[in-house]
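Here the protein sequences come in this chain order: A and B.
Read left to right, the first sequence gives residues 1 to 293 (our numbering).
Read left to right, the second sequence gives residues 1001 to 1260 (our numbering).
Cβ coordinates follow ideal geometry from the N, Cα and C atoms, glycine included.
Because the structure is a prediction, the values reported are computed rather than measured.
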Amino acid sequence: MQTRFPNKTLPYLLLAPSVIIVFIFFVIPSIQSLYLSFYRVSPLGNKKIFIGLQNFIRLFHDPGYLNSIVTSFKFAIFVVALGLAVSMGVAVVANQRLRGFGAYRTLLIWPYALSPAIAGLIWAQMMDPNIGLTSHLLKTLFGVHFNYQTNGQQALFFISVAAAWKMLGYNIIFFLAGLQSLPVELLEAAAIDGAGAWRRFWKITFPMLSPTTFFLFIMNTLYAFFQVFGLVHITTEGGPGRATDIMVYKLYRDGFEGMNTGYASAQSIILLIMVATLTILQFRYAGSRVHYQ
Amino acid sequence: MLSVMIILLFPMIYAFLIATQTPAQYYQFPPRFLPGSSFFENIHTAWDRINLGRLLFNTCVVAISVAIGKIILSVTAAFAFVYFNFKGKAFFFITILITHMLPLPVRIVPTFELIDQFNWINTFKGLTIPFFASATGVLLFRQLYRTIPPSLADAARIDGAGPLQFFWSIVIPLSKTNMAALFLIEFIYMWNQYLWPLIIANADRTRVVQIGLKQLVDTDAAVDWHIVMAGALIATLPPLILLIIMQRSLIEGMSFYEEK
Chain A
1 MQTRFPNKTL PYLLLAPSVI IVFIFFVIPS IQSLYLSFYR VSPLGNKKIF
51 IGLQNFIRLF HDPGYLNSIV TSFKFAIFVV ALGLAVSMGV AVVANQRLRG
101 FGAYRTLLIW PYALSPAIAG LIWAQMMDPN IGLTSHLLKT LFGVHFNYQT
151 NGQQALFFIS VAAAWKMLGY NIIFFLAGLQ SLPVELLEAA AIDGAGAWRR
201 FWKITFPMLS PTTFFLFIMN TLYAFFQVFG LVHITTEGGP GRATDIMVYK
251 LYRDGFEGMN TGYASAQSII LLIMVATLTI LQFRYAGSRV HYQ
Chain B
1001 MLSVMIILLF PMIYAFLIAT QTPAQYYQFP PRFLPGSSFF ENIHTAWDRI
1051 NLGRLLFNTC VVAISVAIGK IILSVTAAFA FVYFNFKGKA FFFITILITH
1101 MLPLPVRIVP TFELIDQFNW INTFKGLTIP FFASATGVLL FRQLYRTIPP
1151 SLADAARIDG AGPLQFFWSI VIPLSKTNMA ALFLIEFIYM WNQYLWPLII
1201 ANADRTRVVQ IGLKQLVDTD AAVDWHIVMA GALIATLPPL ILLIIMQRSL
1251 IEGMSFYEEK
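Below, the structure is given as structure tokens:
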């Protein structure tokens, strides 16, 4: 317990800047989002009509919105599953003969400096239908004519790969840190008892890594739903044919290109429910999680 | 391991190679995995085409102001939480933490309207001030301050030093490592912002580099990938260099994120 200073007003002065900013730019706008989601607002914002839950009812009858939900979930599942599986695999293999971890970590952290938008540009070039190295490889190896500009499924694949790739280094660093803290004796004992590498992985390593995996699951899911707007905007703009129209992109189009304020706010509330669920999950399980020391 | 590393980093390496080549060089087949001959020319073209100098300047102003703003606000808030008893402490703490649950898309329309009412559209105020609060920073410094030996504050009180004096002479110097970590994390975070600058500051005077890059790919003709990659390279250098110089503090900051 720290010593407390007896001052009565100073703590409020110290807190004031943070609290004022949080109220003005976070709390009040979020409440307004909820409020606006019950209204139909004219494009100039001068007329508001209360329409109850109409915006939400309309949302779930709007094929465009349902498409964006499906797209977002496909995208997130791909990004999280691929990202976690590949990085866990790399980390486990790397952990076997880990020398000079520091140097590798230095390199692995590089993509952390990249923005999702630039990751998107890099992969747009790799997958360019004419000069892209990846699209060329796909053609020679699998006979696939890769053109993300015209093929919706390939476009979704393209943004998923770009988004997952950017997170690989970050994930690997956390998995490696998790692996380093596992008790070596337990793995050695299992090896002496005749458990093969595969069995040791599934019976010991995988379950004991679960706190790290769970943390990364939450971080990657939040990333896939909320932080890839730039990647989509700079490359596919939601296309072709709305195939990459993820939820945040649809919200941007309805709110800022379509000036459909109430309708966009209802979409904000759906996103709020999603992020609240994820945050509660995180506090619920990460807070009481088991530490293996 | 090295081979895995190269595969993971390959897209970055290849993007760099394209940035050095002429169209004739990257159109040739089989592809050449060697630097080309027009690196400086490509950079020059990209620089002129989207006025990169101005974009980089704007982005620097935004990233540095927000990183410093967040550090100041979170250091003072954390100091209040650890070293004082006051009414509403839990309430204020939860208020700051709740920002984690309210990412921009959740409140984007009303926040935009607010900035509009303030006449902050296309201003640096609008680009930076809404980002100044930091739950991560408050948690980071609060955790640190709890580990400062209470005897230090006791000694300060016995010597008749007030809380602010104690804050300046003891707490701030002890916060330097964490400040560096937070600076790095927030600088990169702000440097890479996209949605907010797009909706409130997409004018020449305030445009940031991420948004500016889009102008390089928005073309009816075939995209000049060598120019785009040159631009992307320049746009990535400031955060990347900072990361390489300061990565020790980032690793410490990241282990904090994990403990959260």
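Next item on the list: Specify the secondary structure class of I1148(B) as computed by DSSP and reduced to three states.
Entry: Here the question's residue 1148(B) lines up with position 148 in the second sequence. I1148(B) carries a coil assignment under DSSP once its states are collapsed to helix, strand and coil.
Check: Are the beta-carbon atoms of I1115(B) and I1121(B) separated by less than 8 Å?
Finding: For the purposes of this step, residue 1115(B) is identified with residue 115 of the second sequence, where counting begins at 1. For the purposes of this step, residue 1121(B) is identified with residue 121 of the second sequence, where counting begins at 1. Contact: yes.
Notebook entry, point to check: For chain A, is any of its Cβ atoms less than 8 Å away from the one on L1056(B)?
Noted result: Here residue 1056(B) refers to the residue found at position 56 when the second sequence is read from its first residue. Not closer than 8 Å to any Cβ of chain A, the Cβ of L1056(B) fails to qualify, so no.
Check: What residue range is occupied by the uninterrupted alpha helix (DSSP H) comprising R200(A)?
Finding: As a working note, residue 200(A) is residue 200 in the first sequence. Unbroken alpha helix (DSSP H) run through R200(A): 197 to 200.
Check: Where does the unbroken alpha helix (DSSP H) through Y252(A) begin, and where does it stop?
Finding: Position 252 of the first sequence holds residue 252(A). Element bounds for Y252(A): 247 to 252.
Check: Which full runs of the beta strand (DSSP E) of 3+ residues lie inside the stretch 1001 to 1056 of chain B, going along the chain?
Finding: Qualifying beta strand (DSSP E) stretches: none in this window.
Note to self: I want to verify the contact list: residues of chain A whose CB lies under 8 Å from the CB of T1099(B), in sequence order.
What the structure shows: Translated into positions along the second sequence, residue 1099(B) becomes position 99. The CB of T1099(B) comes closer than 8 Å to the CB of V22, F26 in chain A, given here in chain order.
Notebook entry, point to check: What is the rounded straight-line gap between the Cα of F158(A) and the Cα of D1218(B)?
Noted result: By 1-based counting over the first sequence, the position of residue 158(A) is 158. By 1-based counting over the second sequence, the position of residue 1218(B) is 218. Approximately 18 Å between the Cα atoms of the pair.
Notebook entry, point to check: Cβ of V1208(B) within 8 Å of Cβ of F1124(B)?
Noted result: Walking along the second sequence from the start, residue 1208(B) turns up at place 208. Walking along the second sequence from the start, residue 1124(B) turns up at place 124. Taking C-beta atoms as the reference points, V1208(B) and F1124(B) fail to come closer than 8 Å.
Notebook entry, point to check: Are the C-beta atoms of H233(A) and some chain B residue less than 8 Å apart?
Noted result: Counting from one through the first sequence, the residue named residue 233(A) turns up at place 233. For H233(A), at least one C-beta of chain B is nearer than 8 Å to its own C-beta.
Checklist line | Segment limits, alpha helix (DSSP H) that includes F214(A) | finding: In the first sequence, residue 214(A) corresponds to position 214, counting from 1. F214(A) -> alpha helix (DSSP H) spans 210 to 226.
Next item on the list: Please check if any C-beta of chain B sits within less than 8 Å of the C-beta of S288(A).
Entry: Numbered from 1 along the first sequence, position 288 holds the residue referred to as residue 288(A). With a pLDDT of only 45 at S288(A), under the threshold of 50, the placement of this residue in the model should not be trusted; the figure read from the coordinates follows. Judged by the 8 Å Cβ criterion, S288(A) is not in contact with chain B.
Next item on the list: Starting from R40(A), trace the alpha helix (DSSP H) both ways and give me its first and last residue.
Entry: In the first sequence, counting from the first residue as 1, residue 40(A) sits at position 40. Bounds of any alpha helix (DSSP H) do not take in R40(A); it lies within the beta strand (DSSP E) bounded by 39 to 41.
Margin query: Counting only beta-carbon separations shorter than 8 Å, does R40(A) have a partner in chain B?
Written below: Reading the first sequence from its first residue, position 40 is the one you call residue 40(A). R40(A) does not count as touching chain B.
Item checked: Straight-line gap, Q2(A) to L1174(B) (C-alpha atoms, nearest Å) -> On the first sequence, position 2 is the one that residue 2(A) refers to. On the second sequence, position 174 is the one that residue 1174(B) refers to. Rounded to the nearest angstrom, the two C-alpha atoms are 15 Å apart.
Next item on the list: Please name the residue, chosen from R1032(B), F1092(B), S1134(B), L1008(B), that lies closest to I1068(B) on a Cα-to-Cα basis.
Entry: Along the second sequence, one-based indexing puts residue 1068(B) at 68. For I1068(B), the nearest C-alpha among the options comes from S1134(B).
Next item on the list: Answer yes or no: does any C-beta atom of chain A fall closer than 8 Å to that of I1018(B)?
Entry: Counting from 1 along the second sequence, the entry for residue 1018(B) is found at position 18. At least one chain A Cβ lies under 8 Å of I1018(B).
Next item on the list: Note down, in chain order, each residue of its chain lying with its Cβ closer than 8 Å to the Cβ of Y65(A), except the 5 sequence neighbours on either side.
Entry: The sequence position of residue 65(A) within the first sequence is 65, counting from 1. A distance below 8 Å between beta-carbons, with the five flanking residues on each side excluded, links Y65(A) to the following residues of its chain, in chain order: L59, K250, Q267.
Margin query: One question on the structure: do F1141(B) and I1064(B) come within less than 8 Å of each other, judged by their Cβ atoms?
Written below: The residue labelled residue 1141(B) in the question sits at position 141 within the second sequence. The residue labelled residue 1064(B) in the question sits at position 64 within the second sequence. Taking 8 Å as the Cβ cut-off, F1141(B) and I1064(B) do not qualify as a contacting pair.
Check: Interface residues of chain B around A76(A) at Cβ under 8 Å?
Finding: The residue labelled residue 76(A) in the question sits at position 76 within the first sequence. Neighbours of A76(A) on chain B: none; closest Cβ ~14 Å, over 8 Å.
Notebook entry, point to check: Is the shortest distance between the beta-carbon of P1031(B) and the beta-carbons of chain A less than 8 Å?
Noted result: The sequence position of residue 1031(B) within the second sequence is 31, counting from 1. Yes, because at least one Cβ of chain A sits closer than 8 Å to the Cβ of P1031(B).
Notebook entry, point to check: What distance in whole Å lies between the Cβ atoms of L1216(B) and A1046(B), which are believed to be in contact at a cut-off of 8 Å?
Noted result: On the second sequence, position 46 is the one that residue 1046(B) refers to. On the second sequence, position 216 is the one that residue 1216(B) refers to. Rounded, the Cβ-Cβ distance is 7 Å, consistent with contact.
Notebook entry, point to check: Taking Cβ positions only, does Q149(A) come closer than 8 Å to chain B?
Noted result: Locating residue 149(A) in the first sequence gives position 149, where the first residue counts as 1. It does not: the Cβ of Q149(A) has no partner Cβ on chain B nearer than 8 Å.
Check: Could one say the Cβ of T213(A) lies closer than 8 Å to chain B's Cβ atoms, at least one of them?
Finding: Here residue 213(A) refers to the residue found at position 213 of the first sequence. Not one beta carbon of chain B lies nearer than 8 Å to the beta carbon of T213(A).
Item checked: Rounded C-alpha distance that separates S68(A) from Y263(A) -> Mapped onto the first sequence, residue 68(A) falls at position 68. Mapped onto the first sequence, residue 263(A) falls at position 263. When rounded, the distance between both Cα atoms is 14 Å.
Notebook entry, point to check: Alpha carbon to alpha carbon, how far is Y292(A) from A1180(B)?
Noted result: For the purposes of this step, residue 292(A) is identified with residue 292 of the first sequence, where counting begins at 1. For the purposes of this step, residue 1180(B) is identified with residue 180 of the second sequence, where counting begins at 1. Here the model assigns Y292(A) a pLDDT of 39, short of 50, so the residue's position is not dependable and the matter cannot be decided.
Notebook entry, point to check: Cα-Cα, which of Y252(A), Y35(A), G258(A) is closest to P1105(B)?
Noted result: Here residue 1105(B) refers to the residue found at position 105 when the second sequence is read from its first residue. The shortest CA-to-CA distance from P1105(B) to any of Y252(A), Y35(A), G258(A) is the one to Y252(A).
Item checked: Cα-Cα separation, F1016(B) to A117(A) -> The residue labelled residue 1016(B) in the question sits at position 16 within the second sequence. The residue labelled residue 117(A) in the question sits at position 117 within the first sequence. Rounded to the nearest whole angstrom, the C-alpha separation of F1016(B) and A117(A) is 16 Å.
Notebook entry, point to check: Buried or exposed: where does G194(A) fall if 16 or more other Cβ atoms within 10 Å of its Cβ makes it buried?
Noted result: Here the question's residue 194(A) lines up with position 194 in the first sequence. Its Cβ having fewer than 16 others within 10 Å, G194(A) is exposed.
Checklist line | E1258(B) to F1029(B) span [Cα, whole Å] | finding: Taking the second sequence and counting its residues from 1, one reaches residue 1258(B) at position 258. Taking the second sequence and counting its residues from 1, one reaches residue 1029(B) at position 29. Low confidence applies to E1258(B): its pLDDT is 42, below 50, so where it sits in the model is not reliable enough to give any reading.
Next item on the list: Please state whether DSSP places I51(A) in a helix, a strand or coil.
Entry: If you number the first sequence from 1, residue 51(A) lands on position 51. Three-state result, I51(A): coil.
Notebook entry, point to check: Apart from the five residues on each side of it in sequence, which residues of its chain come closer than 7 Å, Cβ to Cβ, to P129(A)?
Noted result: Residue mapping note: residue 129(A) aligns to position 129 of the first sequence, counting from 1. Around P129(A): S135, F146, N147, Q149.
Check: Going along the stretch 1161 to 1172 of chain B in order, which residues come within less than 7 Å of chain A, judged by CB to CB distance?
Finding: So the list reads P1163, given in the order they occur along the chain.
Next item on the list: Anything in chain A within Cβ reach of L1240(B), meaning under 7 Å, just list it in chain order.
Entry: Within the second sequence, numbered from 1, the residue matching residue 1240(B) stands at position 240. Contact note: L1240(B) reaches chain A through W110, A113, using a C-beta cutoff of 7 Å and chain order.
Notebook entry, point to check: Based on the DSSP secondary-structure assignment, which residues constitute the bridge partners of F1118(B)?
Noted result: Position 118 of the second sequence holds residue 1118(B). For F1118(B), which the question treats as bridged, DSSP gives no partner whatsoever.
Item checked: Same chain, Cβ closer than 7 Å to L278(A), neighbours up to 5 away in sequence not counted -> Against the first sequence, residue 278(A) aligns to sequence position 278. I218, T221, L222.
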